[in-house]
Each structure stands twice: as structure tokens, then as C-alpha cells.
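Peer 1: Residue numbers (this note's numbering), protein chains in the order written: chain L, 1 to 205; chain Z, 1001 to 1205. We treat Cβ as the ideally placed atom computed from N, Cα and C, and that holds for glycine.
2 protein chains.
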Amino acid sequence: MSEEKKVSSNVVWHQATVDRQARETMNGHKSVILWFTGLSGSGKSTLAHAVEEKLHELKCRTYVLDGDNIRHGLCGDLGFSDQDRVENIRRIGEVAKLFLESGVISLTAFISPFRADRDNVRHITSDEDFFEIYCKCSLDICESRDVKGLYKKARAGEIKEFTGINSPYEEPLNPEVTVDTGTETLEESAEKVLNLLIERGIIQR
Amino acid sequence: MSEEKKVSSNVVWHQATVDRQARETMNGHKSVILWFTGLSGSGKSTLAHAVEEKLHELKCRTYVLDGDNIRHGLCGDLGFSDQDRVENIRRIGEVAKLFLESGVISLTAFISPFRADRDNVRHITSDEDFFEIYCKCSLDICESRDVKGLYKKARAGEIKEFTGINSPYEEPLNPEVTVDTGTETLEESAEKVLNLLIERGIIQR
């Protein structure tokens, strides 16, 4: 029966194998997760976007995950309790892993204050795939910037569990890069990240 | 103070604008969500991978989201209750939207039985961005294939709320494409999808 044959051919079709390596070859660069972590106001998102711009100029496929596209979408159901923060970072890590498989360099810009949560993302990927970038900046400087006015609100008690004020930030122990966003220029910090990617063979100039 | 100046320059940096259009231009094709829906065993994942292979040959950037990479990762905390199914599809829709913004053609292969859930994904994107592809196949054929042995378990009462058996499947009302995976060959179905993408100006041969 011809219909039977067709149905059967549908089922036994060899699973197509467009895999990460095939995508990386097409892109001309490897994929990786660039995980920016640091206090609110430390310049994570600004740096991530600056690095993305440089990568884009080098014809790399990139995507920045940050509060703008995550907090109102995928994680719109989560608040800021410890439990919700853990779930927030878990989901972001899983999404970054999907982008990794898709051949895209993803840049995540979240405070991600807890060491265990960041380590979990490293563990669902690998040391070769996960670059932790510590945006080091003193609380004083971050608070003096206060771009979003959040520190003022936290000091006034209007925001509870605000990282650095009444909720801890756990510094990375062995980040792939530390950028001193309090003293370096944005250009200097971005170049540090770019140079790491070149050293590790992820991209080429 | 030079340090002050540097700090300030970090803050006022113009937000980089690598946007969807810039990515699409680099890729040489538009991004879109190809949402495959249909009964278990209707060939959604097989078809999605076949379409992806054709797109990859045309140098398109693609990624398939299916049970293999979602159910154990991002949605590993969800079960199969109605509530969890809704949340499952919501998250997949949000992730597909992120891929859309990143310039990648994402292909999602999930039963996604509820019309409202699929429509929600359409609404967080747009009619231009969301192509619903109905993998139409009779329950008889799907059940006779029973690749994963799930229908047998559902009939035996070992799986509750199994779509088509004791949980409803709501057919798309106005899908962008209907492929009859019960009678068409995989090649025919995949070509239908490719032709739609060409007609709509998403890709070029």
C-alpha cells in the first residue's frame, strides 16, 4: 500500500543533524556564554552591549539577555524573593544553554548574586562554554551612580532584599575575567573581554 | 578628576544598537517562528528537523526547540497538568520570541494542544513573525505508529491526560500551513513549509 509506505517513510527518516558544530562552522566562530555578574549599577548591561557591538562588527552572531527582555517575558511570573531569584537565574542559564547549542554567543547581564546559581549554569554547560565576567565596582560608586534610583529606594526601605544593601552579593571566586568598571573605561573593559575570546579561540579578529 | 570622568563616561555610553534588523541583514534572511503543532506521533519534530536541514543548506540560522532540549532543561520543573502545559507553552513562546529577536529562525515542535496558548504566542509576537504549521494526521495513524509507546500506555490508563485519548486537541482555525503528515511524504511536507517562507520573503533559494 503506497500510503502505508509513505507513512512508514515519515517515521524512519533519519533524524537530521544540524548540530552545534555545523552552526559554528557556518558562523565562523565558536559559541559561548558570557555571563556578566556584579552589583546593580556596575555596568553589566552597558558592557554586555558594548561587547556585543564589537562582536557584531566582527560578523559574530550574538544576543544579549538582560532585564529588558527577560523580566517582562520569560520570567514575568517571578518576583525578587530568594526562591524566585534562584528560579530566575536557573531559567536564564537554560536559555543561554539553548543559545549556546544554536551557535550564538549569548551575553547575560544580571546581578546573579549567588555563587551557587552561577555555578549551576557552569555545570549544565562546561568550563569551555561558560565565561564568568565579574563587573567589579564598589558599592559606593554603584550607589553614587544610582542610574535607576533603586539604591535610594532601597535605603528608604521601599525595596526589600536589594543586593548590596540588605541582600548579599557573593563575589566570583575564579571568574574568567574581572573588569574594574569603577576605574576602567568601557572601551578598556570591552577589549579585555574581546581579548579573552581571541585567546581562547572563540573568535578571530 | 579623571576617575570621576571615566565613571561618568561608563554611564552615559550610548546604548549599543545591534538590533534584529542588523542581525537579519548579516544573516541574509529574516527571522521567524515556525510553530509545529499536532498530535503525538504526527511527525512534528521529524518535520521540524527536516525543514531545519533544508534551511541550513541555504545558509540560514536555525534552531529547533523540542521536548529533547526543553523538557529536561527550562521546563524540567513542569508536569503535564493543564496548568503546567499552559506554563510550558508560555515559556517556549517566550524563548522563541528571544530567538526571533536574535535573528534566528526557530522551529518549535510541541503538541501544544490548546488554541489559546498558541494564540498567546502569536500575540506576543505578530502575524508576520509567527507561522503556525498544523501537522494534520488522524488519531488512528498516530496511534498505529506509536513510536514512543505512549498511546499504548495511555489506553492502558498508565498515562493520564494524554492528548487525543483523554485530553483534547484543538485544531488550528487558520494555520499558515497545513501539512497532511499522514499521507504526504516528509519531502512534500518540508517543501510546503520552504515554499511558504519563500513566498513570504523570509528566505531566498
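Alpha carbon to alpha carbon, what distance is there between Lys97/L and Thr125/L?
Peer 2: Those two C-alpha atoms are separated by around 7 Å.
Peer 1: Would you verify that the beta carbon of Thr62/L is, or is not, closer than 8 Å to some beta carbon of chain Z?
Peer 2: Answer yes: the Cβ-Cβ gap between Thr62/L and chain Z drops below 8 Å somewhere.
Peer 1: If we ignore side chains and look at the alpha-carbon of each, how far apart do Ser1081/Z and Glu1161/Z end up?
Peer 2: Cα-Cα distance, rounded: 8 Å.
Peer 1: Express the C-alpha separation of Phe131/L and Cys137/L in angstroms, rounding to a whole number.
Peer 2: One C-alpha to the other measures close to 19 Å.
Peer 1: Label Val1011/Z either buried or exposed according to how many other C-beta atoms from any shown protein chain fall within 10 Å of its C-beta, with 16 as the threshold for buried.
Peer 2: With a pLDDT of 40 at Val1011/Z, under the threshold of 50, the predicted position of this residue should be treated as unreliable, and no value is reported.
Peer 1: Which of the three DSSP states, helix, strand or coil, is assigned to Leu1173/Z?
Peer 2: It is coil, neither helix nor strand.
Peer 1: Assess contact between the region 1164-1177 of chain Z and the region 1065-1077 of chain Z, defined as three or more Cβ pairs (one per stretch) separated by less than 8 Å. Is contact present?
Peer 2: No, because fewer than three Cβ pairs between the region 1164-1177 of chain Z and the region 1065-1077 of chain Z fall closer than 8 Å, the two stretches do not touch.
Peer 1: Of all the alpha helix (DSSP H) runs that stay within the bounds of the region 41-93 of chain L, which reach a length of 4 or more residues?
Peer 2: With a minimum length of 4 residues, the continuous alpha helix (DSSP H) runs that stay inside the region 41-93 of chain L are 44-57.
Peer 1: Within 10 Å of its beta-carbon, does Asn1027/Z have 16 or more other beta-carbons around it, so buried, or fewer, so exposed?
Peer 2: That one is buried.
Peer 1: Name, in chain order, the residues that DSSP records as bridge partners for Lys136/L.
Peer 2: Lys136/L is bridged to Asp180/L.
Peer 1: Going along chain Z in order, which residues have a C-beta closer than 9 Å to the C-beta of Arg56/L?
Peer 2: As written in the sequence, residue 56/L is His, which differs from the Arg given in the question. Here the neighbours are Ala1016, Val1018, Ala1022, Arg1023, Met1026.
Peer 1: If I follow the unbroken alpha helix (DSSP H) through Ile1198/Z, where does it start and stop?
Peer 2: Ile1198/Z -> alpha helix (DSSP H) spans 1186-1199.
Peer 1: Under 8 Å by Cβ, that's how I've got Glu1170/Z and Phe1110/Z pegged, so tell me the actual separation to the nearest angstrom.
Peer 2: Glu1170/Z to Phe1110/Z, Cβ: 14 Å. No contact.
Peer 1: Can a CB atom of chain L be found closer than 8 Å to the CB of Ser967/Z?
Peer 2: The requested residue 967/Z does not occur in the structure, where chain Z is confined to residues 1001 to 1205.
Peer 1: From Arg1118/Z to Arg145/L, what distance separates their C-alpha atoms?
Peer 2: Near 43 Å, if we compare the C-alpha coordinates of Arg145/L and Arg1118/Z.
Peer 1: Does any residue of chain Z have a CB that is nearer than 8 Å to the CB of Gly73/L?
Peer 2: By this cut-off, Gly73/L is an interface position.
Peer 1: Can you pull the chain Z residues whose beta carbon is under 7 Å from the beta carbon of Arg91/L, in chain order?
Peer 2: The answer, in chain order, is Leu1074.
Peer 1: So if I threshold CB-CB distances at 7 Å, which residues from the region 1136-1164 of chain Z count as touching chain L?
Peer 2: Residues Ile1141, Arg1145, Val1147.
Peer 1: When you compare each of Ile33/L, Glu158/L, Ala190/L, Glu176/L to Gly93/L by their alpha carbons, which one comes out closest?
Peer 2: It is Ile33/L whose Cα lies nearest to the Cα of Gly93/L.
Peer 1: Based on Cα-Cα distance, which residue from Thr1185/Z, Ser1042/Z, Ala1050/Z lies nearest to Lys1148/Z?
Peer 2: The shortest C-alpha separation from Lys1148/Z is found at Ser1042/Z.
Peer 1: For Ile198/L, does the count of other Cβ atoms within 10 angstroms reach 16, so buried, or fall short, so exposed?
Peer 2: Exposed is the call here.
Peer 1: Taking a contact to mean a Cβ-Cβ separation below 8 Å, would you say Leu268/L touches Glu176/L in this structure?
Peer 2: No answer is possible for residue 268/L: it lies beyond the span of chain L, which begins at 1 and ends at 205.
Peer 1: Since Asn88/L meets chain Z, which of its residues come closer than 9 Å, beta carbon to beta carbon?
Peer 2: Per Cβ cutoff of 9 Å: no residues; Asn88/L is ~12 Å from chain Z at best.
Peer 1: Is the Cβ of Leu1194/Z closer than 8 Å to any Cβ of chain L?
Peer 2: Leu1194/Z does not count as touching chain L.
Peer 1: Can you list the residues of chain Z that Lys97/L reaches, using a CB-CB cut of under 8 Å?
Peer 2: Those within 8 Å of Lys97/L in chain Z are Gly1073.
Peer 1: Under 7 Å between beta-carbons, which chain Z residues line up against Glu94/L? List them in chain order, please.
Peer 2: Those within 7 Å of Glu94/L in chain Z are Gly1073, Leu1074.
Peer 1: What is the rounded straight-line gap between the Cα of Arg90/L and the Cα of Glu24/L?
Peer 2: Distance between the alpha carbons of Arg90/L and Glu24/L is about 25 Å.
Peer 1: Between Asn174/L and Ser1112/Z, what straight-line distance do the alpha-carbon atoms span, to the nearest angstrom?
Peer 2: Those two C-alpha atoms are separated by around 42 Å.
Peer 1: In this structure, does DSSP put Ile1202/Z in helix, strand or coil?
Peer 2: Correct three-state label for Ile1202/Z: coil.
Peer 1: Among Thr1017/Z, Cys1075/Z, Val1179/Z, Ser1189/Z, which residue has its Cα nearest to the Cα of Lys54/L?
Peer 2: It is Thr1017/Z.
Peer 1: Can you tell me which of Ile141/L, Arg122/L, Leu107/L puts its alpha carbon nearest to the alpha carbon of Leu39/L?
Peer 2: When only C-alpha atoms are compared, the closest one is Ile141/L.
Peer 1: Could you name the residues of the same chain whose beta carbon sits closer than 8 Å to that of His14/L, not counting the 5 residues immediately before and after it, in chain order?
Peer 2: The predicted model places His14/L with a pLDDT of 49, which falls under 50 and marks its position as unreliable; any figure quoted below should be read in that light. Excluding sequence neighbours, His14/L sits near nothing in its chain.
Peer 1: So, does the CB of Ser1009/Z fall closer than 8 Å to a CB anywhere in chain L?
Peer 2: Legend: pLDDT at Ser1009/Z = 40, less than 50; position of this residue unreliable, value from coordinates given subsequently. Yes, its Cβ sits closer than 8 Å to a Cβ of chain L.
Peer 1: Exposed or buried, what is Arg1205/Z when buried is set at 16 or more other beta-carbons lying within 10 Å of its beta-carbon?
Peer 2: Exposed, since its Cβ has fewer than 16 Cβ neighbours within 10 Å.
Peer 1: For chain Z, is any of its Cβ atoms less than 8 Å away from the one on Lys44/L?
Peer 2: Answer no: the Cβ-Cβ gap between Lys44/L and chain Z never drops below 8 Å.
Peer 1: On the CB-based measure, 16 or more other CB atoms within 10 Å of its CB, does Glu4/L come out buried or exposed?
Peer 2: Unreliable placement is indicated for Glu4/L, whose pLDDT of 38 sits below 50; no coordinate value is reported for it.
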